[in-house]
Structures are given as structure tokens and as C-alpha cells.
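So the protein lines, in turn, are chains W and Z.
For the first sequence, counting from 1, position 93 maps to 93 in the working numbering; every step adds exactly one.
To convert, take the position in the second sequence, counting from 1, and add 222; that gives the working numbering.
We put the beta carbon where it would ideally sit given N, CA and C, even for glycine.
Protein chains: 2
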Amino acid sequence: MGSNFSVAEENYIKAVYHLQKPGAIVTTNELAAELQTKAASVTDMLKKLKQKKVLNYEPYRGFNLTTEGRKAALGIVRKHRLWEYFLVEKLQFGWDEVHEVAEELEHITSKKLIDKLDAFLDFPRFDPHGDPIPDVNGKMQVQHDISLNDLPVNTPAEVSSVKDQSSELLDLLKHKNISIGSRLQVTRKFGFDQSIELRIKDIAAPVNISLQLAQVLYVKPL
Amino acid sequence: MGSNFSVAEENYIKAVYHLQKPGAIVTTNELAAELQTKAASVTDMLKKLKQKKVLNYEPYRGFNLTTEGRKAALGIVRKHRLWEYFLVEKLQFGWDEVHEVAEELEHITSKKLIDKLDAFLDFPRFDPHGDPIPDVNGKMQVQHDISLNDLPVNTPAEVSSVKDQSSELLDLLKHKNISIGSRLQVTRKFGFDQSIELRIKDIAAPVNISLQLAQVLYVKPL
DNA sequence: AAATAAATTTAGACAAATCTAAAAAATAAT
DNA sequence: ATTATTTTTTAGATTTGTCTAAATTTATTT
Chain W
1 MGSNFSVAEE
11 NYIKAVYHLQ
21 KPGAIVTTNE
31 LAAELQTKAA
41 SVTDMLKKLK
51 QKKVLNYEPY
61 RGFNLTTEGR
71 KAALGIVRKH
81 RLWEYFLVEK
91 LQFGWDEVHE
101 VAEELEHITS
111 KKLIDKLDAF
121 LDFPRFDPHG
131 DPIPDVNGKM
141 QVQHDISLND
151 LPVNTPAEVS
161 SVKDQSSELL
171 DLLKHKNISI
181 GSRLQVTRKF
191 GFDQSIELRI
201 KDIAAPVNIS
211 LQLAQVLYVK
221 PL
Chain Z
223 MGSNFSVAEE
233 NYIKAVYHLQ
243 KPGAIVTTNE
253 LAAELQTKAA
263 SVTDMLKKLK
273 QKKVLNYEPY
283 RGFNLTTEGR
293 KAALGIVRKH
303 RLWEYFLVEK
313 LQFGWDEVHE
323 VAEELEHITS
333 KKLIDKLDAF
343 LDFPRFDPHG
353 DPIPDVNGKM
363 QVQHDISLND
373 LPVNTPAEVS
383 SVKDQSSELL
393 DLLKHKNISI
403 GSRLQVTRKF
413 GFDQSIELRI
423 KDIAAPVNIS
433 LQLAQVLYVK
443 PL
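Following this line, the structure appears as C-alpha cells:
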């Protein structure tokens with residue numbers, strides 16, 4: 001209950017959560033890069049968060065979240081994604097404009113606010129980029145989606161999420177008529193530049209996409 | 223343009239705005255009481271805000287907002303009241319629960335957010351307590367309402383705002399069937415305890431209210 | 001008008017979060 | 001297995017906003 005963290009602490013917790021691969025460990029430099037800060041600052045904060053039992057940390061050995069820490073992280077991710085959903089669905093924000101605003105909104109402390117917002121939005125399970133939104137208990141849909149790059153030829157699939165939130169990506173997707181939910185299949189793969197040809201459902205002409213685009217586009221085979 | 227204030231600075235600016243009677247001056251102790259802090263802290267912040275040209279301040283002489291400062295204050299008040307409106311109208315918060323949450327939300331910096339929220343809410347001109355909401359240019363409806371205590375007998379009037387946001391007041395108003403917009407007139411005034419008898423439109427039985435209640439209830443004669 | 005009281009400001013300290021530069025530990029290379 | 005390199009931690013300083021205690025200024029009494 002006493003999960004009372006400062007904005008800075010919350011940002012560290014969230015960053016560790018995002019960097020943490022299952023089983024593995026996060027390092028000081030990784031975290032410093034993620035948070036655009038210096039390694040020395042990270043060390044200071046790690047000591048504080050260890051004391052607060054948010055993460056397991058042995059000097060020089062790396063660190064990862066405790067159960068408590070993971071719970072806190074899921075709370076912050078929940079807030080972030082619900083606010084993003086609100087901004088896009090209710091306030092007509094563009095896809096690429098929401099991240100920074102949600103970055104501020106996620107630190108508003110009222111639990112009642114976020115639960116009522118959840119209800120107001122009708123309990124959405126995915127944010128505008130296709131990332132799952134943790135529910136009130138921290139549970140979220142497991143994503144078994146794969147990079148479009150790894151989708152076998154001629155396998156029908158649906159676009160489920162995008163791992164980049166730039167306006168440049170949004171532009172490109174609009175131009176190519178691709179959005180979350182689009183049904184498609186890979187018709188050809190070109191070895192020379194690893195580009196891919198797609199057929200998108202309900203769209204006549206085949207679409208060609210680059211390796212870079214295929215890497216950030218995630219799909220769920222049907 | 224560079225109106226870039228910290229949360230603490232914004233709280234000072236807002237507090238001075240609320241304490242500042244037209245023409246008059248605000249004192250260090252008043253502000254310390256309002257912000258639940260110490261006079262020494264206030265003095266420190268005043269020097270900083272004077273440098274930022276937010277307020278006029280001469281040591282020992284009191285202070286008030288500059289045009290720049292008033293503009294900043296109106297921006298914060300706008301955010302606070304729009305968020306309160308959102309919480310009550312869209313998220314079904316109770317009247318008495320919104321202040322603290324809005325106190326946090328008002329510091330979110332995105333101007334685009336607040337203008338889009340304003341549009342989403344359909345440009346409301348009064349918050350749930352009847353206080354006017356500044357528009358995008360800082361303009362707001364002038365309230366020529368008076369305390370119910372000063373309303374002459376037998377003058378039809380409409381409840382326009384309440385100067386107290388406690389749940390105790392909300393309780394009492396519910397019980398007496400009074401809300402913002404209620405039409406009423408004073409039928410009798412009792413000298414002994416300065417209590418007042420009211421007739422509320424569409425409600426058969428007359429209602430008796432105490433001096434304390436009459437003082438926080440504001441009405442607009444029709 | 002001097003003395004007392006009240007309000008305000010200054011001086012010095014502290015906690016949070018950050019930084020730079022130097023020291024220590026772990027890893028990689030010869 | 002030493003040496004060199006990279007990574008991480010420590011030490012000490014800085015900024016923001018706060019505090020207490022002491023000094024100063026203004027206001028109030030007598």
C-alpha cells in the first residue's frame with residue numbers, strides 16, 4: 001500500500017521494467033542510456049530503490065525488479081497506456097503526439113482517477129500502438145506476435161502492434177494503407193535488400209516494404 | 223512565450239492570484255498560510271518570482287502579480303477548472319473529491335492537451351462549483367453573484383456557485399435539495415440566529431438554512 | 001518618542017536528484 | 001597471468017525548495 005514513489009523513482013522503475021528481458025539482468029550503463037542520464041546518477045538511485053525493496057541490486061552485478069517493483073512498474077505502464085488511449089480516442093490526438101503527454105500524466109497519483117478513466121474508456125485492452133494495457137490487477141493479454149520480418153511467406157496475419165512511435169513511421173504507414181488490425185500476407189521476400197512484398201486485404205495493389213519497416217511492425221498469424 | 227514554471231512556482235502564482243483582492247496587496251504571512259509553508263520559504267520564492275517578472279515585490283512592502291503573472295495564473299486556473307469539470311462530468315467523480323486530483327492535473331504542461339480537452343468538454347464556462355473557467359485567451363465570465371446572506375427577501379434568484387468544496391457541504395446541500403441552478407427566494411430572515419427560510423422552486427416545503435450555509439452559497443438575482 | 005510586539009527577511013542547514021572527476025572493480029586482450 | 005580497457009561506484013559539488021533560528025524592519029502601545 002505504501003507504494004509512494006517520486007516522479008524520478010517511477011521513471012527508473014519503468015525504465016528497468018522495459019529493459020528487463022525475462023531471466024536476465026539490467027546494467028547501469030543501459031539504464032543511464034535509456035534515461036538520458038549519467039551512470040553515477042543511476043548508481044545513486046539504485047541504492048535508494050534497493051532500500052525501498054523495489055529491485056535486487058548487488059554492486060557491479062546488475063539488477064532487476066522485485067515482485068514489488070514489477071507491481072509498481074505495471075501500475076505505471078497501466079496509467080501510461082490508458083492515458084494514451086484516452087488522448088487518441090477521445091481527444092483526437094495523433095498517434096505520434098501522445099507519448100510525451102502520457103509521460104507526464106502517468107505520474108498523477110490518484111488510483112481512483114485511473115480506475116474511473118479505465119471504466120470511462122470501456123476497459124480497453126490495447127493502447128493505440130497495440131501494446132497491451134494492464135488491468136486493475138496488473139494482468140494483461142500476452143502478446144504472441146512476431147516481427148513481420150519473421151512471418152513466413154503466404155501466412156495470413158493481422159498487424160497487432162508497432163515498436164516505434166515516430167511521426168515518420170505514422171506517415172509511412174498511412175501512405176501504405178497499413179494500420180493496426182490490417183490483414184495481410186507476405187507474397188515475396190527479396191534477398192538483395194531484405195525487402196518484402198505484401199498483399200493487404202481489401203487493397204488491390206501489392207505493397208513493398210523495407211527491412212526497417214518490417215522490423216518495427218508486429219503481426220499475429222491467424 | 224518562455225512561461226516555463228516549476229510546480230512549486232505555479233502553486234505560488236496561483237495562490238497569489240486567489241488571495242489578491244483588486245487594488246490591494248498580498249502579504250508574506252497570508253501566502254505562507256495559504257500554501258501551508260513558512261514565511262521564510264515564501265520570501266525566497268518571492269525573490270525568484272520577482273526576477274522572473276511574475277510579480278511586483280518590494281521587501282517588507284507586500285506584492286501582487288504583474289500582467290505576465292496574471293496571465294500565467296489564469297492559465298493554471300483554466301487547467302484546474304477544466305480538469306474538475308472533466309472529472310465530474312465524464313468520470314463521475316463526486317463534487318467534493320475532485321479538488322486534490324485537479325491540483326495535480328493542473329501542472330501538466332501540454333497546451334495542446336488542455337485546448338483539446340476544452341473542445342472535448344464542449345467549452346464549458348463554469349466548473350462544478352460554479353466558478354468561471356477562463357477560455358483559451360484567459361477571458362472568463364464575470365460573476366455578479368452575491369452571498370445568499372445578502373439577498374433581499376422575496377427576490378427570485380438562482381444558485382450560481384459555492385465557496386466551499388467539502389463533502390460535508392455537499393451532504394447538506396443534497397439533503398436540502400439545493401444544487402447549482404436551483405431557483406429560490408428568501409421568504410423570511412430570523413434575527414436571533416441569522417438563519418433564513420427559503421422557498422425552492424418545484425419543492426413544496428420551505429427550507430431553513432443556517433448563517434454558515436447562507437454565507438458560502440452564492441446566488442444571482444433573476 | 002521610546003519600548004514592545006508582530007511581520008518579514010537573512011543566514012545557514014538539509015533532502016532530493018543530478019553532475020564531473022577520480023577511484024575501484026570487472027572484463028578483455030595480449 | 002599481467003596489462004589494458006571498460007564499467008561501475010564513490011567523493012564532492014550544484015540546484016531547487018524547504019526548514020529553523022537569528023536579525024531586521026515595520027507597526028502598535030504606552
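- Bridge pairing for residue 436/Z: absent [DSSP].
- Residue 192/W is outside the set of residues whose beta carbon lies under 7 angstroms from a beta carbon in chain Z.
- For residue 86/W, the closest C-alpha among the options 301/Z, 338/Z, 286/Z, 281/Z is that of 338/Z.
- Separation of residue 231/Z and residue 208/W (C-alpha to C-alpha, rounded to the nearest whole angstrom) is 53 angstroms.
- Check the Cα spacing between residue 68/W and each of 50/W, 84/W, 59/W, 62/W: the tightest is with 50/W.
- Counting only runs of 4 or more residues that sit fully inside the region 79-153 of chain W, the alpha helix (DSSP H) segments are 98-105, 111-120, in chain order.
- If only uninterrupted alpha helix (DSSP H) runs of at least 4 residues are considered, those enclosed by the region 15-56 of chain W are 28-34, 39-51.
- Shown here is that no member of the region 378-405 of chain Z has a Cβ falling below 9 angstroms from a Cβ of chain W.
- Between the alpha carbons of residue 216/W and residue 148/W lies a gap of roughly 8 angstroms.
- Residue 396/Z: member of the alpha helix (DSSP H) spanning 389-397, first to last residue.
- Setting aside the 5 residues that flank it on each side, residue 229/Z is surrounded in the same chain by 329, each with a C-beta closer than 7 angstroms to its C-beta; the list follows chain order.
- Under the Cβ criterion of 7 angstroms, residue 326/Z is counted among the residues facing chain W.
- When secondary structure is reduced to three states using DSSP, residue 10/W falls in the helix class.
- Using a CB distance below 9 angstroms, the part of the region 100-128 of chain W facing chain Z consists of 100, 101, 104, 105, 107, 108, 109, 110, 112, 113, 116, 117, 119, 120, ordered along the chain.
- Looking only at 324/Z, 310/Z, 234/Z, 297/Z, the smallest Cα-Cα distance to residue 286/Z is reached by 234/Z.
- Close to residue 253/Z, with beta-carbon spacing below 8 angstroms, lies no residue of chain W; the smallest spacing is near 25 angstroms.
- Excluding the 5 residues flanking it on each side, residue 121/W has same chain C-beta neighbours closer than 8 angstroms at 82, 85, 86, 89, 90, in chain order.
- Put simply, of 123/W, 70/W, 174/W, 131/W the residue whose alpha carbon is nearest the alpha carbon of residue 220/W is 131/W.
- Of the residues 199/W, 20/W, 180/W, the one whose Cα lies closest to the Cα of residue 188/W is 199/W.
- By the rule that beta-carbons nearer than 7 angstroms mark a contact, residue 304/Z does not touch chain W.
- In this structure, residue 210/W sits near residue 195/W, with a CB-CB distance shorter than 7 angstroms.
- Distance from residue 201/W to residue 173/W at the Cβ level is roughly 15 angstroms; contact not present, criterion being Cβ atoms closer than 8 angstroms.
- By the CB criterion at 7 angstroms, residue 277/Z and residue 264/Z fall outside the cutoff.
- Closer than 9 angstroms at the C-beta level to chain Z, one finds no residue of the region 3-33 of chain W.
- Secondary structure of residue 377/Z (DSSP, three-state): coil.
- Residue contact with chain W for residue 260/Z: absent (no Cβ-Cβ distance below 7 angstroms to any residue of chain W).
- For residue 301/Z, the nearest beta carbon of chain W is not closer than 7 angstroms to its own beta carbon.
- Contact between residue 46/W and residue 134/W does not hold, since the beta-carbon distance rounds to 24 angstroms and is not under 8 angstroms.
- Assignment of residue 283/Z by DSSP, reduced to helix, strand and coil, places it in the coil class.
- Beyond the five residues adjoining it in sequence on each side, residue 72/W comes within less than 6 angstroms, by CB distance, of 3, 13 in the same chain, given in chain order.
- Take residue 260/Z, set aside five residues on each side of it, and the residues of its chain with a beta-carbon closer than 7 angstroms to its own are 254, in chain order.
- By DSSP's assignment, residue 293/Z forms no beta bridge with any residue.
- By the rule that beta-carbons nearer than 7 angstroms mark a contact, residue 271/Z does not touch chain W.
- Secondary structure of residue 196/W (DSSP, three-state): strand.
- Within the DSSP bridge table, the entry for residue 220/W names 158/W as partners.
- Taking a 10 Å sphere around the C-beta of residue 389/Z, we find fewer than 16 other C-beta atoms and assign the residue as exposed.
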